[in-house]
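Residue numbers (my numbering), protein chains in the order written: chain A, 13 to 149; chain B, 203 to 386.
Idealized CB from N, CA, C, for every residue including glycine.
What follows is a set of notes on a single structure, which appears directly below.
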């Protein structure tokens, strides 16, 4: 296979994606120490990076399914685009949203004492910075 | 009466296509861009489930759920397996080891195979030399002599093929239910 026909590097293996993903996760955990787990994943469930590791890629796989199901529901109900996904549990929150313009998703698990609005706003900030960094590559 | 049928099998076997061929309603899909083009060279992959329906009669409906082919989504397998009463297992004959793939799914879904119906559809049999149907049936007869599993070549794009496979599975399911009543 020559350079003209070489397959593009998968997003989760591309150093120019992994580095800004790591930065985005650090942005998030620096701003909100109550993040229990966070991951950047491809939309088909491969982890690009995660802090701390959660059963290898299991959080990424589950977040991918959750994103896919949520977007299917929004599509079926003709409600436009899905902006973010929130799961409110007895012991914490899961917040996830797409990285604008990318086939990537940020998913984060927060302790219950973290205000949901703050968790969501910080995730939005992190993905916007991440998207800007990816565009500037 | 309603039947809930899983469409299972490795990535690239044709599960989403099969449900689209069969469904009377627009299929609900959860497809995402495929990052793993080495595993299957196709642009998208199912990440949660596909859903379609067939209205057999006014009173009888078949609900079809396609599950993701990759093991990293096995939590979805468990969620959907528990509510299903039958399985259509698709394997593509040009995969590296399709007979073993079938065997692994039969083990993974053993409880569903035991309480419900199961049928195996072998796709892409026309794409070069591969395993014969006997290779599949020999393994099933050796490892699951207690189950009667229809095995047939299918093109998932062909509604007729898929109806025959699905109805074989439903017949298998209903026959076992009747047999169970007789034994009880």
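Option in the options with minimal Cα separation from residue i
i: residue 112 of chain A; options: A/136, A/122, A/106, A/85; result: A/136
i: residue 53 of chain A; options: A/41, A/44, A/46, A/78; result: A/78
i: residue 75 of chain A; options: A/88, A/87, A/96, A/34; result: A/96
i: residue 333 of chain B; options: B/295, B/316, B/282; result: B/295
i: residue 56 of chain A; options: A/41, A/80, A/49; result: A/80
i: residue 252 of chain B; options: B/264, B/258, B/229; result: B/229
i: residue 47 of chain A; options: A/59, A/60, A/32, A/65; result: A/65
i: residue 348 of chain B; options: B/313, B/264, B/255; result: B/313
i: residue 85 of chain A; options: B/370, B/359, B/231, B/300; result: B/231
i: residue 297 of chain B; options: B/376, B/346, B/373, B/324; result: B/324
i: residue 335 of chain B; options: B/261, B/304, B/378; result: B/304
i: residue 318 of chain B; options: B/213, B/340, B/285; result: B/285
i: residue 20 of chain A; options: B/240, B/217, B/218, B/307; result: B/240
i: residue 50 of chain A; options: A/133, A/149, A/148, A/107; result: A/107
i: residue 372 of chain B; options: B/244, B/255, B/381, B/264; result: B/264
i: residue 340 of chain B; options: B/368, B/302, B/203; result: B/302
Collapsed DSSP secondary structure at residue i in the structure displayed
i: residue 108 of chain A; result: strand
i: residue 96 of chain A; result: coil
i: residue 278 of chain B; result: helix
i: residue 271 of chain B; result: coil
i: residue 142 of chain A; result: helix
i: residue 45 of chain A; result: coil
i: residue 386 of chain B; result: Confidence in residue 386 of chain B is poor, its pLDDT being 49 and thus under 50, which makes the residue's placement unreliable; the coordinate value appears in the next sentence. Coil at residue 386 of chain B, not helix or strand.
i: residue 78 of chain A; result: helix
i: residue 90 of chain A; result: coil
i: residue 59 of chain A; result: strand
i: residue 350 of chain B; result: coil
i: residue 14 of chain A; result: The predicted position of residue 14 of chain A is uncertain, since its pLDDT is 49 and thus under 50; a value taken from the coordinates is nonetheless stated next. Coil.
Under 9 Å from the C-beta of residue i: neighbouring residues of chain B
i: residue 115 of chain A; result: 234, 235, 237
Cβ-based neighbour list, residue i, same chain, cut-off 8 Å, excluding 5 preceding and 5 following
i: residue 67 of chain A; result: none
i: residue 105 of chain A; result: 98, 99, 121, 122, 124, 126, 128, 131
i: residue 386 of chain B; result: Any answer about residue 386 of chain B is weak, because its pLDDT of 49 lies below 50 and its placement is not dependable; what the coordinates show is given next. No residues qualify anywhere along the chain.
i: residue 267 of chain B; result: 206, 207, 208, 209, 251, 252, 253, 282, 286
i: residue 40 of chain A; result: 47, 50, 118, 120, 134, 135, 138
Residues near residue i by beta carbon distance below 6 Å, same chain, minus five either side
i: residue 363 of chain B; result: 356, 357
i: residue 14 of chain A; result: Confidence in residue 14 of chain A is poor, its pLDDT being 49 and thus under 50, which makes the residue's placement unreliable; the coordinate value appears in the next sentence. Taken in chain order, the list of residues that qualify is empty.
i: residue 69 of chain A; result: 59
i: residue 374 of chain B; result: 319
Contact set for residue i: own chain, Cβ-Cβ below 7 Å, skip 5 residues either direction
i: residue 234 of chain B; result: 246, 247, 249
i: residue 351 of chain B; result: 320, 321, 322, 342
i: residue 32 of chain A; result: 142, 145, 146
Chain A contact residues for residue i, given Cβ-Cβ distances below 7 Å
i: residue 274 of chain B; result: 57, 69, 73
Under 8 Å from the C-beta of residue i: neighbouring residues of chain B
i: residue 23 of chain A; result: 237
i: residue 84 of chain A; result: 230, 231, 232, 250
Chain-ordered neighbours of residue i on chain B, where CB pairs are closer than 7 Å
i: residue 76 of chain A; result: 234, 249
i: residue 80 of chain A; result: 232, 234, 249, 250
i: residue 88 of chain A; result: 230
i: residue 54 of chain A; result: 237
Residue i: contacting residues in chain A (beta-carbon distance under 8 Å)
i: residue 278 of chain B; result: 77
Could I get the ranges of all uninterrupted beta strand (DSSP E) runs contained in the stretch 286 to 338 of chain B, with 3 residues as the minimum, in chain order?
288 to 294, 319 to 325
Give, in chain order, every unbroken run of the beta strand (DSSP E) that is at least 3 residues long and sits entirely within the stretch 203 to 258 of chain B.
204 to 210, 233 to 235, 246 to 248, 252 to 257
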